[in-house]
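Working notes, structure below.
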Amino acid sequence: MTVVLTVIIVNTPTLATVFPGSDGVPKPPSNQATFIHWLKSTGWPIPSRYRGYPACYETWRDYRLLVYGRPSEVRGNRYDKKSQQYAYLGYSYDELVVTNSFFPDDSRGGVTRSNPWQWKELDMGQSARISWARLSDRQKAFIRGSALTYRGNSYGGMTFKGLGLTDRNTVVLAQPSWHQGFALYTNHYRPGTSHDLRYATFNGSGAGDVAVTADIELLTPPSADGCYVIDAQADEVVIPYRMSGRIQSYTGLASNRDVRFCGAGHADAWVVGRGDGPWSVETFLRVNRNQLDEDKTAAIVLESQAWVVSHQGDISLARTAKTVNIRAEDQDPPLTVDVDIVGAIRYFNGRTNCLGRILPANPLRFLGLEKLRIILQFNRTPGTIICSFGDIDRRLTGRAGETKYEISLLAPLRATTMDWDGHRLQPPVALRVRATELNQPAKQVEVVVPGIEITGTIYDIAHLQIGY
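Residue 360 in the working numbering sits at position 362 of the sequence shown, and the numbers go up by one each step.
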């Protein structure tokens, strides 16, 4: 198996966002509530100027225009069943009626009898001047240099200047941003008349964009077969990786001074960027054995995004994904240890002492201060070994390839549990052995040998301890 790299980088123009917060990654509005949250985040006014019509999510979603109120709230509005369009979409912030460029023409049969090249647009007075005053110099320059459409038709390449439009005979109903288009409202007399007043709504596209890239970098290499491996003694594998993003280029009116937020990552790990980048954050993928299939393999897809958000709420998103293959070795059985305790004297082995008493055989009964050999047999090399007996602790470190270890201890003095006649004086003592896995100190085995009896001391007998 090999690591399959699937990188998808798509710059997605998204017109708004719930700005980075607890989960970091910006998201477009999906309903009226998140739309209002977006307006607050970007600083757009939420209600209209006078009557307080709320900005309408559905109109923004369908027409990419910031309009206040709903078509049903415009007095005298008309609805065309064939095109399923209203004549008016709502209101501008200043509560001028926003006309719908896709509503059929008022001329007989719904066909425009003249074309915009023939119209002489009228001075719109204070409404025009107020609407233009709200634009930045770059927005004004963009509109003045833009191509225009009327009812989706360019009429051979209409432009603002080509039609003789000015900031006096046009009312800006919707301002341009990177991705959000603009709308201009005009009045003119039907050609050949001096009294048949008509209106028109011209539309233009967004003002620019930002090209963003996203990347995922695995910080540790896979094994020779291209897989990340859960080894025989482990329950999981941890794979560190880095997510990053950067701005490649700006187009149109977009520039770095327009950027309000930028960053990279996903909902669990993300970073707020600075400048054009790159910006990066490191995290890890943890895969447990119980996530694998019957073949003890898995393909895990890592996903990340990079984003740039303008002051007006435009988002450019780049997405990337990387597939990482995992396999697991057959798991070793748990670490085990067999414990054997051998006394140097072995006095209580069923012998008859000098007084003619038969001492019952008990391999776990010893004399105080008798030398004890603790023999430990593991099923594989351990990590750290700790042997505890009374108030004595002995520590060993496992040696590669070795599974058998010995520890020497003296049976504790003043810890007699049974007298020479076999009467109980205090509870028996226990030997405790703890050992860790060689490369996993958090995993350990513990064995307790209970029922160890101590009677008298080595000085109570005439025998010498062999080898002491």
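Yeah, the Cβ is synthetic: ideal placement off N, Cα and C, and Gly gets one too.
Source: prediction; values computed, not measured.
Boundaries of the beta strand (DSSP E) around T395: 390 to 395. Looking at the DSSP output, V337 sits in a beta bridge with L374. Ranked by how close their Cα comes to the Cα of K25, the residues W176, T191, L161, A265 have A265 in first place. Selection G311, N75, P331 evaluated against G41 yields G311 as nearest (Cα-Cα). Taken in chain order, the whole beta strand (DSSP E) runs of length 3 or more contained in the stretch 36 to 89 are 86 to 89. Between R422 and N360, the alpha-carbon positions lie close to 15 angstroms from each other. If you compare the alpha carbons of V337, Q116, T395, S28 with that of L163, the shortest gap goes to Q116. By the Cβ neighbour-count rule, D256 is buried, with 16 or more other Cβ atoms within 10 Å of its own. By the 16-neighbour rule on beta-carbons within 10 angstroms, E451 is buried. By alpha-carbon distance to A433, the top candidate from R397, I456, D419, W418 is R397. The C-beta of D121 has fewer than 16 other C-beta atoms within 10 Å across all chains shown, which makes the residue exposed.
Per DSSP, reduced to three states, the secondary structure at A222 is coil, with no helix or strand assignment. Of I405, G399, G224, the smallest CA-CA separation from D391 is found for I405. Where A131 is concerned, the enclosing alpha helix (DSSP H) starts and stops at 124 to 131. Of the candidates Y226, D233, G275, the residue whose Cα lies closest to the Cα of D213 is G275.
The C-beta distance from V236 to R284 rounds to 5 angstroms, short enough to meet the 8 angstroms contact threshold.
Taking a 10 Å sphere around the C-beta of A131, we find fewer than 16 other C-beta atoms and assign the residue as exposed.
One alpha carbon belongs to G150, the other to P102, and they sit about 11 angstroms apart.
Partner residues in the beta bridge of V257, as assigned by DSSP, are S308. Counting along the chain, the unbroken beta strand (DSSP E) around F364 starts and ends at 363 to 366.
For A139, there is no enclosing beta strand (DSSP E); the enclosing alpha helix (DSSP H) covers residues 135 to 142.
The alpha-carbon of R62 is positioned some 21 angstroms away from that of A316. Burial is judged here by how many other beta carbons sit within 10 angstroms of a residue's own beta carbon; R393 has fewer than 16 and is exposed. Fewer than three Cβ pairs drawn from the stretch 61 to 77 and the stretch 187 to 198 lie within less than 8 angstroms of each other, which leaves the two stretches out of contact. When the five nearest sequence neighbours on each side are left out, the beta carbons in the same chain lying within less than 6 angstroms of the beta carbon of S203 are those of G179, in order along the chain. Shown here, D213 sits in a strand according to DSSP, grouped into three states. Exclusion of the five residues before and after N29 leaves Y55 as the residues of its chain whose Cβ lies within less than 7 angstroms of its Cβ.
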